[in-house]
Amino acid sequence: MGANVYKNKKPVFFFLIPAFLFMAVFLYYPFIKNIINSFQVIPGLGSPSKGFNDPWYANYQRMLTDEAMHTALKNTLIMMLVTIFGQVGIALVLALLVDNISKGAQFFRTVYFFPIVISATALGLMFNLIFLYDKGMVNQLLEMMGKTTLTDWKDPAHALVIMMLPVMWQYVGFYFVILITGLNNISQELYEVAAIDGASKIQRIIYITLPLLRNVICTCVVLAVTGALKVFDFPWVMFPKGMPLGQTWLTGTYMYYQVFNTRNIGYSSAIAVLIVILGILTSKIVNAVFKEVDY
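Numbering (our numbering), first residue to last: -6 to 288.
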């Protein structure tokens, strides 16, 4: 009789209605409205639309000639590569190292995950102080090592690296936790059998660990790539105006700049739509390259 209770699906829909309403009001409606806004002329926040552009695709056409947008897309592509190799790659190495130690594993798990719980704004301010031109920690260390001239770490030659370094550093712990969880789900019997057959630790990692972690790594790469499109807090705190020539723009920061500085709501809406499209395309590409397999 107990099993018959679950055959009636009608109560399930009753409890799902609040969730559907919440998503409709706070997710689907704003998204659809944003698409409509991207074809319109809206002079500022809270201002009514002045109608559709002439031509209606003018905001999207502008992206083709907007040099700042080109810079933002190029930097976002670089950020994607940084997240794949600098976040997921380093997290994978750290997870493998921690998984192969018997003492202190819990300590390292806490240390690597700790940056995630700190506000990105606070970390951005901290890195601003670290790379400060006068009396910054890095320049002070270089002076102690004998360097006589100060380095402006926020000049165009260093700005992109300085901006991406804290982003990479903060999220390594996030992917580390996912990967270490995947490692814990691999049966130790496989390693024991391989060791009996004479496989070295490197061979066990190559032929057992990495193949069985393929699906987990795929998930991490998708999250990293799509997350790179939404990076905002670190770059905006460190370079709020994208530098004088906009060398540090990302798609997220440039969209925000268009909303609150130039008050071009229609164009910023078009950028937001582009970010969504790029997120879908890149996730599809990553899923195709790192196709999940069943074991």
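We put the CB at the ideal spot given by N, CA and C, even for glycine.
Bear in mind the structure is a predicted one, so any value in this text is a computation, not a measurement.
Please determine, among the options, the residue with the shortest C-alpha to C-alpha distance to residue i.
| i | options | result |
| --- | --- | --- |
| Pro41 | Leu271, Gly259, Ile270, Leu267 | Gly259 |
| Leu158 | Asn178, Phe227, Gln196, Leu172 | Phe227 |
| Ile173 | Thr219, Ile35, Ala88 | Ala88 |
| Gln54 | Asp145, Ala263, Gly97 | Ala263 |
| Lys128 | Val215, Asp145, Ser112, Tyr22 | Asp145 |
| Ala113 | Ser180, Tyr164, Leu38 | Tyr164 |
| Ile71 | Ile268, Val154, Leu183 | Val154 |
| Val252 | Ser31, Gly139, Ile195, Glu136 | Ser31 |
| Asn68 | Ala17, Thr142, Ala152 | Ala152 |
| Val86 | Val110, Thr103, Ile198 | Ile198 |
| Leu203 | Gly82, Val18, Ile10 | Gly82 |
| Lys147 | Pro233, Lys26, Thr141 | Pro233 |
Using a Cβ-Cβ distance cut-off of 8 Å, determine whether residue i contacts chain C.
| i | result |
| --- | --- |
| Ala263 | Absence of chain C from the displayed structure is noted, only one protein chain being present. |
Could you tell me whether the Cβ atoms of residue i and residue j are closer together than 8 Å?
| i | j | result |
| --- | --- | --- |
| Val224 | Ile28 | no |
| Ala217 | Gln80 | yes |
| Val214 | Phe283 | yes |
| Leu176 | Asp92 | yes |
| Leu205 | Ile179 | yes |
| Tyr184 | Ile201 | yes |
| Cys211 | Asn132 | no |
Residues in the same chain with beta-carbon distance under 6 Å from residue i, minus the five sequence neighbours each way, listed in chain order, please.
| i | result |
| --- | --- |
| Ala291 | Outside the displayed range of the chain (-6 to 288) lies residue 291, so it cannot be described from this structure. |
| Gly239 | Ala61, Thr64 |
| Lys43 | Val34 |
| Ala12 | none |
| Pro108 | Gln163, Gly166 |
| Phe45 | Phe32, Gln33 |
| Phe101 | Val91 |
| Ser193 | none |
To which residues of the same chain is residue i closer than 7 Å at the C-beta, ignoring the five residues directly before and after it?
| i | result |
| --- | --- |
| Gly117 | Pro159, Asp226, Phe227, Val230, Met231 |
| Trp49 | Phe32 |
| Tyr249 | Phe225, Trp229 |
| Phe120 | Pro159, Met231 |
| Val110 | none |
Under 8 Å Cβ to Cβ from residue i, same chain only, skipping five residues before and after it: list those, please.
| i | result |
| --- | --- |
| Met(-6) | Here the model assigns Met(-6) a pLDDT of 47, short of 50, so the residue's position is not dependable and the matter cannot be decided. |
| Lys277 | none |
| Val5 | none |
| Asn52 | Ser31, Phe32, Asn46, Gly259, Tyr260, Ser262, Ala263 |
Below 8 Å on the Cβ atoms is my guess for residue i versus residue j; work out the distance and round it to an integer in Å.
| i | j | result |
| --- | --- | --- |
| Arg256 | Gly37 | 4 Å |
Within the present structure, is the beta-carbon of residue i separated from the nearest heavy atom of the ligand PLP by less than 7 Å?
| i | result |
| --- | --- |
| Glu185 | This structure simply doesn't include the ligand PLP, nor any ligand for that matter. |
Give a yes or no on contact between the stretch 160 to 168 and the stretch 70 to 79, applying the rule of three or more CB pairs nearer than 8 Å. As far as the Cβ criterion goes, the stretch 160 to 168 touches the stretch 70 to 79, which means the pair count is three or higher.
Validate contact between the stretch 142 to 159 and the stretch 113 to 126 using beta carbons, cut 8 Å, 3 pairs: Contact holds: three or more Cβ-Cβ distances are below 8 Å.
Would you check if the stretch 270 to 282 and the stretch 212 to 224 touch, i.e. whether three or more CB-CB distances between them fall below 8 Å? At 8 Å Cβ cutoff, the stretches touch.
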